[in-house]
Structure formats: C-alpha cells, structure tokens
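Residues 172 to 266 (my numbering) make up the sequence shown, in order.
As structure tokens, the structure follows; a few thoughts come after it.
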Amino acid sequence: MSRTSLAEELERLTRVEMRVLVFLRYSGPCFTIKLRRHGFSPGTLSKLLARLERRGLVEVVRNPLTGKWVVVALTDRGRRLAELLLYLSERVKVS
C-alpha cells in the first residue's frame with residue numbers, strides 16, 4: 172500500500188466508501204450481514220471491502236472454510252479517516 176496522506180485518501184473515497192467507514196466508526200467491528208442489512212448489496216459490498224482492505228482502511232476476517240468475509244473492522248488509518256469525515260461533516264453543518 173502506498174503511504175498517501177489522509178487528505179489524498181479522502182479525495183479518492185467514493186460516497187459509498189465514506190458511508191461504510193462512518194458506519195464502522197459508529198458500530199465498531201461487525202459481521203458483514205450487519206452491513207448488508209444497512210443497505211449494502213452483497214456484490215457491491217464484496218468489491219467495496221476488497222478496495223478498502225487493499226488501501227489499508229479496513230481489516231477483514233474471513234471464514235477459513237468458505238473464504239467468505241465474516242467480520243469487518245476499521246484499521247487505525249481507517250478510523251482516523253472516518254473521524255476526519257465526521258469532523259468535516261460537522262464543520263459543513265455549522266457553516
């Protein structure tokens with residue numbers, strides 16, 4: 172993974188990626204089923220989590236028997252980015 176700054180990483184995020192990061196910031200580590208219940212389709216979620224994992228923003232624990240994703244959590248970098256998103260969101264609301 173390249174060492175991009177949080178600002179550069181923020182510019183690369185899609186709206187859906189932002190939603191996942193903020194969701195995980197509030198919920199903490201969760202089963203992928205919880206993400207699907209909050210409107211993320213399985214196909215979209217699979218690709219999305221793979222991208223976020225490659226970029227070092229989430230950590231995924233897989234079921235060793237099926238290889239399917241079971242639990243998703245923010246990495247330290249992902250948590251910092253989610254907190255930056257929340258801070259910026261509050262700043263926009265205030266202005």
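Where a beta carbon is used, it is the ideal one built from N, C-alpha and C, also for glycine.
Model, not experiment: these values are computed from the prediction.
- For L177, the number of other beta carbons within 10 angstroms of its own is below 16, and it is reported as exposed.
- Contact check for V232 against C201 fails: the beta carbons are separated by 9 Å or more.
- L195 and L245 do touch by the CB rule: their CB atoms are close to 5 Å apart, below 8 Å.
- The residues T203, L220, V231, R233, in chain order, have a CB closer than 7 Å to that of W240 in the same chain once the five nearest residues on each side in sequence are set aside.
- The alpha carbon of A253 has as its nearest neighbour, out of E179, T175, R183, M189, the alpha carbon of M189.
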